[in-house]
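Taken in sequence, the protein lines are chains A and B.
For what it's worth, numbering that gives the first Met the number 0 labels the leading residue of the first sequence as 0, then goes sequentially.
For what it's worth, numbering that gives the first Met the number 0 labels the leading residue of the second sequence as 0, then goes sequentially.
Before any comments, here is the structure.
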Amino acid sequence: MATLIRFSPRKGAPADPSLDLAIDGEFSIGRAPSSVVRLTDRRVRYRHALVWPMESGFTVEAIEGASLVQNGQTVQTATLAHAGDQVTIGAHALTLLAPGETGPILLIEAGPADGLGEAEVYKAYDQALSYQLPPLRRWSWAIALVVLLTMLLAPLLSPVMPRSAEPVSTQAASMAPARSAPSNFRPDRLWIVGHMSNAHAAFGQDCALCHEKPFVSVRNEACLSCHQTTGQHADAHAFPAVDLAKQSCENCHREHKGATQATSNAEADCAGCHANIKGTAQNSTLADVRDFGSAHPEFAPTVISDASTGMTKRVRMGAGVSILSQTNLRFTHGKHLIPEGIKNTEGKTEVLGCAECHKPQPGGGGRMTMPTFAENCAGCHALKFEPKHPEWRLPHGAPDELASRILGFYSQAVLSGESFSREVDPLFAKPGQEPMPAELPAAMARSQAAAAMASSVAKAACGTCHTFEMPAPGADPLAWKIRQVVVNPTFLPKARFTHAKHDTMECAGCHADIRTAQLDQVVLPGIESCRNCHVGEAPVTGKVASTCVSCHDFHQHEMPMLPKKGQTAANLWKEADAQVH
Amino acid sequence: MAAVPPPPEIHRSVLTYRRGLYGKIALLLVAVSILLYALHAPAGGIANGGTWVGYLLGTIGLALIVWLGWFGIRRRQYGPKMFLLEEWLSAHVYLGLALVVTATLHTAFRFGWNVHTLAYGLMVVVILSGAFGLYAFRRYPAAMTKNRNGTPYKSLIEAIVALDFECRELAMSFDDETAALVYQATCTLPAFRFRDLSSRERVSPTLEAPARAAIARLRALVGKTYSADQANVMPLVQALTNRALAVARLRRDQRYRVLMQIWRVIHLPLTVGLLVALGIHVLAVFYFW
């Protein structure tokens, strides 16, 4: 007796006779190639079940791990005893049919296909591979909106932005504090093109202080409201081409360029006019200059040409030209700078050098101090004038009091009984003349004082150093006049030379030997002396590159751009002219 | 025999259009910009966008950006025009690259946390993304053809599906665990993610985890199973490997296609942002005139 197994491709479909299988005895069902009945379906296990034929049917037993389904229940063993009995392995239905000629017949119907078909898988793949770019239009709008809000709206709403129609430079003059409390983040900073210079950073939080109106460039008035004394470059009446009031401060002074203000200081900026100054200012008396190292005239110090009036003039230095500046002094360096030294009032020997009398200005100033009598002269020059009274001293620095003080000394002495009169011997009277009468005390004091003036002022005490004027004939014999000492504070007023920056140099490194100088001669170093170290703007190895503004000021403060209160521009120039001369 | 005229070129690179005429114009612009910047001595020695050279470079830059942005409108216009779109693109590419130099010199290398530097930064990113687009369009089409080996995209997917079913069928001869692994490894494709664009897979195709596990198991089976099964091991390993290679090829293909588009995500919206920031930059400068 053999079991006939028939296969149907799907439920309800007729069995395919070509697949009929006749089996004797028990048989195995599974996916394994070695299975007697092989079902290639994932839902069927490799070795799924064993089948025993029975009298009128089969017993199906699941192999360990596998299971069967009969009548909707999961079972391990199923019996197919009557025709129509069914058990399910995976998706395959095993049905017992009515017995045939040779024995029982088992119909195996394949279940619905496992998983997706090829077309569905293709569709799923197509979907998995699809992607969508972000919505570009929406992103564009979003970015535009964010930029507009943060970069346009926020700064515009900042309270420090200029928007008023009224200039606020009047407030600037009083250095009004920023109108908004400074905070770490202020949206107006999003518009700032660069850091403020250190000098302006203090009030730099208030944009409107300088930028008074939107879309209007910074006006000079905003700058001048603080910088009131800023001067013209030259007399704007004589040289209207350089009237700075018609220029913008900003042309040379650029703000928002970092810690240091960007100020125009290129040689070319100056040389533009000064290389050929007559081209710009026909009536200029200045010499052409282009570069300190190669094209700069020899210095022309300003000297006092007439000490009595204080009149000055400029004298161009050069070979064989003595630069003399009147001082009303008769002082000579040659007599003091003696290598062996000179004796002071106490009899000690002092050797004088430059530094004994000339000291740098205190506080690092650029000029040297003027020697003073008290500090530098009195040690040797005692200003005695009366041999009988070596304790009497002339007052220094008070020429107007001189006569009254001397008269005072003598009057006091005469009043206390001292006699300065010569013994009058009638024998020495000239024949025909009355013998000189003995002087009255007042007259005696006066004549002594006059005599002392004549000797000390003219010769010993004052006259050693000072020039003077004698009393006119017939005038008061006491009316001697010590001339006012006049010394130029600087001989190069147009330059900004500073000794402080040159204190590593010896005096003689620049100044010629002053011992051989004549009276009133100014021993000023010439330009060649400077050029030992300094060159023009173009750098040279081992030299100091120096532009025009290294020594010269562009703005001439004696010619302010702004008239003061109650002052008109016209009288401003007159005043300025007066100051220059 | 008369010389045969060369066939008309079907494709001209934007870089060689008119023998690189716009490249030469761009080089000239770069040279002029550098020369102006180098020779100009600004007041105080501090170069900036507010000198006459600065304004000149800035005006050129502004005009260029507006014109470059106009390309987005021109490329949507059809019909006869004086200049072919090809010509526009050639000029767009070259002058866009030259803009980096002109605009950088306009900034005079002065940057800060402000709208001015924002505009500059946006411009640089836009140009960089555009440069990547140029690179992608010059390199990837050829790379894609080589990668697909002439197979159309659709056939590439069909081949994978066929391999899936082949693997599954072959897996039927193997034990339950192996079959389950092969089933896991087939008929499935992880969805595309943008972050995969930068994954290592683009360098060497790697098997996805289930396929790797299946192959490892199959290798372990060699010599342990019945001789009847042995014969099936190699075909299944081969089929799984072929599938992995086909998937890698498909992914590479997709990566190229995405990269040829993805730069536009940066290029276009940031161009709009740049135009807005540029407008504010100009406004702010003249507001504080």
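Note that the Cβ used here is the ideal one computed from N, Cα and C, for glycine as well.
Within the 7 Å Cβ cut-off, does residue i reach chain A?
i	result
V281(B)	no
D174(B)	yes
C166(B)	no
Q183(B)	no
A247(B)	no
Q76(B)	no
D265(B)	The question names Asp, yet the displayed sequence has Ile at residue 265(B). I265(B) does not count as touching chain A.
R109(B)	yes
A102(B)	no
I59(B)	no
Y286(B)	yes
In the DSSP assignment, the alpha helix (DSSP H) including residue i goes from what residue to what residue?
i	result
S32(B)	20-38
E85(B)	84-106
R11(B)	No alpha helix (DSSP H) holds R11(B); DSSP gives it neither H nor E.
R495(A)	Where R495(A) is concerned, there is no enclosing alpha helix (DSSP H), given that its DSSP letter is neither H nor E.
R404(A)	401-414
E176(B)	175-184
With residue i as the anchor, note down where its beta strand (DSSP E) starts and where it stops.
i	result
M122(B)	From DSSP, M122(B) is part of no beta strand (DSSP E) but of the alpha helix (DSSP H) over 114-147.
A217(A)	According to the sequence as given, residue 217(A) is Val; it is not Ala. Counting along the chain, V217(A) falls outside any beta strand (DSSP E), and DSSP gives it neither H nor E.
I303(A)	301-305
K312(A)	310-313
S139(A)	Taken as a continuous stretch (DSSP letters only), S139(A) belongs to no beta strand (DSSP E), being part of the alpha helix (DSSP H) at 135-146.
V50(A)	48-53
V160(B)	Counting along the chain, V160(B) falls outside any beta strand (DSSP E), though it belongs to the alpha helix (DSSP H) covering 152-170.
D23(A)	20-23
Less than 7 Å between CB atoms is the rule here; does residue i satisfy it with respect to chain B?
i	result
L401(A)	no
V583(A)	Past the boundaries of the shown model lies residue 583(A); chain A is included only from 0 to 580, so the question cannot be answered.
I142(A)	yes
F372(A)	no
V68(A)	no
R46(A)	no
T2(A)	no
S34(A)	no
Q170(A)	Annotation note: pLDDT 44 at Q170(A) (below 50); position unreliable, no value reported.
K122(A)	no
M195(A)	no
R495(A)	no
P16(A)	no
R41(A)	yes
K256(A)	yes
Applying the criterion that 16 or more other CB atoms from any shown protein chain within 10 Å of the CB defines a buried residue, is residue i buried or exposed?
i	result
Q281(A)	exposed
V232(B)	buried
R138(B)	exposed
A412(A)	buried
V543(A)	exposed
L277(B)	buried
Y77(B)	exposed
P103(A)	buried
P234(B)	exposed
L27(B)	exposed
Leaving out the 5 sequence neighbours to the left and right, which residues in its chain are closer than 8 Å to residue i when beta-carbon positions are compared?
i	result
W262(B)	S128, G129, F131, G132, A135
Y176(B)	Note that residue 176(B) is Glu in the sequence shown, not Tyr. Answer for E176(B): R216, listed in chain order.
Which chain E residues sit within Cβ distance under 9 Å of residue i?
i	result
Y139(B)	Given the protein chain composition of this structure (A and B), no chain E is represented.
Among the residues of its own chain, which have a CB less than 7 Å from the CB of residue i, if the five just before and after it don't count?
i	result
M369(A)	V486
Y152(B)	D252
Y16(B)	E85, E86, S89
V107(B)	In the sequence as displayed, the identity of residue 107(B) is Ala instead of Val. For A107(B), where only same-chain residues beyond five positions count, the Cβ hits under 7 Å are A46, N47, G48, G53.
T466(A)	N327, R329, R482
What residues in its chain sit with their C-beta under 6 Å from that of residue i, if we drop five residues either side in the sequence?
i	result
C509(A)	P524, S528
Y409(A)	A444, Q447, A448
V306(B)	Outside the shown range of chain B, which is 0 to 288, sits residue 306(B), and nothing can be said about it.
A21(A)	A1, L3
- [ ] Would you check if the region 80-94 of chain A and the region 50-68 of chain A touch, i.e. whether three or more CB-CB distances between them fall below 8 Å?
- [x] yes
Open item on the list: Using a Cβ distance threshold of 8 Å, determine whether the region 89-104 of chain A contacts the region 132-139 of chain A, with at least three qualifying pairs required.
Closed with: no
Task: Sufficient close CB pairs (3 or more, under 8 Å) joining the region 185-204 of chain A to the region 139-158 of chain A - done: yes
Task: Meets three-Cβ-pair contact criterion under 8 Å: the region 493-511 of chain A and the region 267-276 of chain A - done: no
Open item on the list: With three or more beta-carbon pairs closer than 8 Å as the criterion, would you say the region 292-303 of chain A touches the region 252-259 of chain A?
Closed with: no
- [ ] Spell out a yes or no on whether the region 470-483 of chain A and the region 310-317 of chain A are touching, meaning 3 or more CB-CB pairs, one atom from each, closer than 8 Å.
- [x] no
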